[in-house]
Structures are given as structure tokens and as C-alpha cells.
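One line per chain: the protein sequences are A and B, in this order. For the first sequence, the positions run 35 to 163 when this note's numbering is used. For the second sequence, the positions run 35 to 163 when this note's numbering is used.
Number of protein chains: 2
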Amino acid sequence: MRFSTKAEYGLKAMTNLAQCYPEQKTIGEIAKEENISQKYLERLMGLLRNGGVVQSTKGKQGGYVLDRDPKKITAGEIIEILDGEIAPMRCVGKFCASEHKCPSSIVWNKLGVQIKKTLYDIKLNTLIK
Amino acid sequence: MRFSTKAEYGLKAMTNLAQCYPEQKTIGEIAKEENISQKYLERLMGLLRNGGVVQSTKGKQGGYVLDRDPKKITAGEIIEILDGEIAPMRCVGKFCASEHKCPSSIVWNKLGVQIKKTLYDIKLNTLIK
DNA sequence: TTTATTACCTACTAAATTAGTATATATTCA
DNA sequence: TGAATATATACTAATTTAGTAGGTAATAAA
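This is the structure we're talking about:
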């Protein structure tokens, strides 16, 4: 069980932006400071923009800025935007669709709730050094 | 973020065995009842045996039996045996080795602790229908 | 109006992982 | 001895991950 580097890079980039909030920064600067491939980070920042946690301006003097105060952005949001919904496992057994819950779906459901609770409770401002 | 089908199959097989505890069962029976490829399940049962949660007897009239009371086996044990250690992400940044913790490692550490707590708190007997 | 700088978009690719299969061996009971 | 079981290892197809490549679009400054 593992999250992807997308989530890792996303958290780093967002924390970096949180440190200069409400100033903006370019992808190039973030990539260099956080040691992430710039081209790859471009894609991730696009997802984060579509996800509504950053805003961008094009062109010369353009860049990225957090959409709102770091206190109001959570690790859960960032990770779900980049990695997809947090759902540890989907049981595909024929009995799991309806009220007959299989044993493993009980585990995955409990766990999913806990993970979300934990991650949505971590605000971006608490990650700044 | 997702667990593998190994964990899913493992939970199902172990719950199945819990239902007949302290009787034994063959892999063939379990595979059929839980709709899992027998050959694949053989491998997984081998891991679970090495992991110390089931015991096996070879030969005719052989089979698998839980190593101990279902109350004393947890979902966390089963999943870690099959999927490896629960560690949502390992930050490879150069500053994460020592006391300088990067933002994302804070998230992964908190999360790892929570996930383990949740999974080791789910006992096998609570999953039986 | 041109040029440099930035974001934005899509297609491609190498490597790793997952989820198995295939094949053979070892052990035990009847 | 033969049938039924577990055990072990090597192979493979499909999927996912983690990027790269190569371009387009918008904007500010010269």
C-alpha cells in the first residue's frame, strides 16, 4: 500500500507556495527548490488548478498562487486531486453490492473513513517550517 | 492509493478459516468458496504460513488451520504479511533522513500511525458473519 | 509589434508492479 | 502404490507509474 510520487510532489509544491502566500511563484522556481522534474510538475500543477487549490496567470510574470489561505487547504484535498479518491480497495465480489457486506469490505470501509479523517485534518499551514 | 488483491484475498481466506476454527480446510475448498484462483491462493497461503497466522499439514487429509483464536489475529497482521509494511510513502529527499523533516514526511508518518492503529484494532472474529 | 517568458496540452515511452499461470516436487494417508 | 494434498520456482500478460518530448497559447516588456 503506497501513495504515488504525485501526492508527494504535490504536498511539497503546495507547502512551498504556502510559504510565500499570498505571493506567486513560477513552476520553474518550485521545481528547482523542491528538486522535482519541471515538466512533470507542470502536469501536476494543472491538476491542482483544476482541483481548485491554486490559481495561475499565464505569460511573462505569470505563475501560481494558492487559491486561498493555507489554513483552509488540507492534505486530503491535495492528495485526492492528484491520486484520485481515497478508497483503499473496492471489493468486486457479487455479494458486496447490496446489504450483504463481505468481511473485507468492512475493513476497507472503516479504513477509508479513518484515512480521510486523518488527511482532511492536516491543514497546509501546519506543514510550513 | 490502494491495497492489492492479495490483501483482499487474504482477508477473505482468513475469515473463511475463522468460521470453521479450529477445524482445518483445504486451499481448494477456500478458493472455491471465496471465488479465488486456487493456484494464486496457494502462494498467498504460503506467505500467511510463513507469517505465522496459519498452520498447514501436507498430504492427503492435509489442509490449513488458523494458528490461534480469531480474536488474536488482526486485519493489520494479515495485510502486512501479504502487502508488506504499511508505509504510505517514503520521502527520498535529502533532508528527510535526519532531524530536518520535510512537510510530506510529516503527513506520511501521521497517516501511517493511524492506518496501523485502525487495522491492528480489527480482530478476525469481528469479521465473521 | 516583436520577443522572451510563462502556463498549458497531448502523445509517447521505459520501468516497475500486479495478478496471475505453468510446471514440477514433496509429503501423507489409505 | 496411488491419490490427494501442500510447496516451490520460473515465467508472462496486463496495468500502472513516472516520467519525456514537442508543441501551442497568452502576456508583459522592450
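Just so you know, even glycine gets a beta-carbon here, dropped at the ideal spot from N, CA and C. Keep in mind that this is a model prediction, so the values were computed, not measured.
CB residue i to CB residue j, shorter than 8 Å?
{"i": "L51/B", "j": "K40/B", "result": "no"}
{"i": "P137/B", "j": "F37/A", "result": "no"}
{"i": "E76/B", "j": "I64/B", "result": "no"}
{"i": "I107/B", "j": "M48/B", "result": "yes"}
{"i": "T91/A", "j": "G85/A", "result": "no"}
{"i": "Q148/B", "j": "Q148/A", "result": "yes"}
{"i": "V87/B", "j": "P56/B", "result": "no"}
The alpha helix (DSSP H) with residue i in it runs from where to where?
{"i": "K218/B", "result": "Shown here, chain B extends from 35 to 163; a query on residue 218/B therefore has no answer."}
Exposed or buried, which one is residue i when buried takes at least 16 other CB atoms within 10 Å?
{"i": "S139/B", "result": "buried"}
{"i": "I162/B", "result": "exposed"}
{"i": "P104/A", "result": "buried"}
{"i": "E133/A", "result": "Unreliable positioning characterises E133/A in this predicted model, as indicated by a pLDDT of 48, which lies under 50. The coordinate reading is nonetheless provided below. Counting Cβ neighbours within 10 Å, E133/A comes out exposed, since fewer than 16 surround it."}
{"i": "Y43/B", "result": "buried"}
{"i": "E111/B", "result": "buried"}
{"i": "E67/A", "result": "exposed"}
{"i": "N69/B", "result": "exposed"}
{"i": "K73/B", "result": "exposed"}
{"i": "K94/A", "result": "exposed"}
{"i": "M35/A", "result": "buried"}
Given the structure, does residue i come close to the ligand ATP, in the sense that its CB is under 7 Å from one of the ligand's heavy atoms?
{"i": "L100/A", "result": "Ligands displayed in this structure: none; no statement on the ligand ATP is therefore possible."}
Any alpha helix (DSSP H) of 4 or more consecutive residues that is wholly inside the stretch 43 to 116 of chain B: Listed in chain order, they are 61 to 68 and 72 to 84.
Using 8 Å as the threshold, is the stretch 152 to 162 of chain A in touch with the stretch 143 to 150 of chain B, meaning 3 or more CB pairs across them? Touching, per the Cβ criterion.
Taking 8 Å as the threshold, find out whether the stretch 100 to 116 of chain A comes into contact with the stretch 73 to 87 of chain A through three or more Cβ pairs. yes
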